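Asker:
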Amino acid sequence: MEAQSLPVNYLPIIFQMLVAMGFVVTTMFVTHKIGPKRQTKDKLTPFESGIEVVGNARTPASIKYFLVAILFVLFDVEVIFMYPWAVNFRDMGKTGMIEMFIFMATLLAGFIYVIKKKALDWD
């Protein structure tokens, strides 16, 4: 017997989404209407993490910071692909081992490229 997918089967999901959206809209509306509205000079001054702003916010930041962050995420995400391999290591046999060696060689080549380009140097 085949399972039928009827529109009526989606009613609980639609109902849950409507309740969630209604809760968000109601909460935002109520807190906006009954919340305190005391605007003082101190509240209207810009600050970041409790520290007063010094200088211009449009000052360019060093690209090295973003490059290191992106490289960290890239190599960190690649490690995630090793977990399913490790779980299924015995089932894959020699083919799985060769594929992982190819994967690791590709990662190593990328890492060597990053080191040679001095992308991780701060100076």
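Under this note's numbering, think of the first position of the sequence shown as 60, with each following residue one higher.
Ideal placement from N, C-alpha and C gives every residue a C-beta, glycine not left out.
Everything numeric in this text was worked out from a predicted model, so none of it was measured.
By the DSSP assignment, the alpha helix (DSSP H) with residue 169 in it spans what residues?
Answerer: 148 to 175
Asker: What does DSSP give as the partner residues of residue 137 in its beta bridges?
Answerer: DSSP lists no partner for residue 137.
Asker: I need the straight-line Cα distance from residue 37 to residue 124, nearest angstrom please.
Answerer: Beyond the ends of the chain as shown, which are 60 and 182, falls residue 37; an answer cannot be given.
Asker: Tell me where the alpha helix (DSSP H) around residue 71 begins and ends.
Answerer: 70 to 93
Asker: Less than 8 Å between the beta carbons of residue 166 and residue 137, yes or no?
Answerer: Contact flag set, yes.
Asker: Looking at residue 179 and residue 127, is the spacing between their C-beta atoms short of 8 Å?
Answerer: yes
Asker: With a threshold of 8 Å on Cβ separation, who are the neighbours of residue 88 within its own chain once the five nearest residues in sequence on each side are excluded?
Answerer: none
Asker: Could you compute how far the alpha carbon of residue 78 sits from the alpha carbon of residue 62?
Answerer: 28 Å
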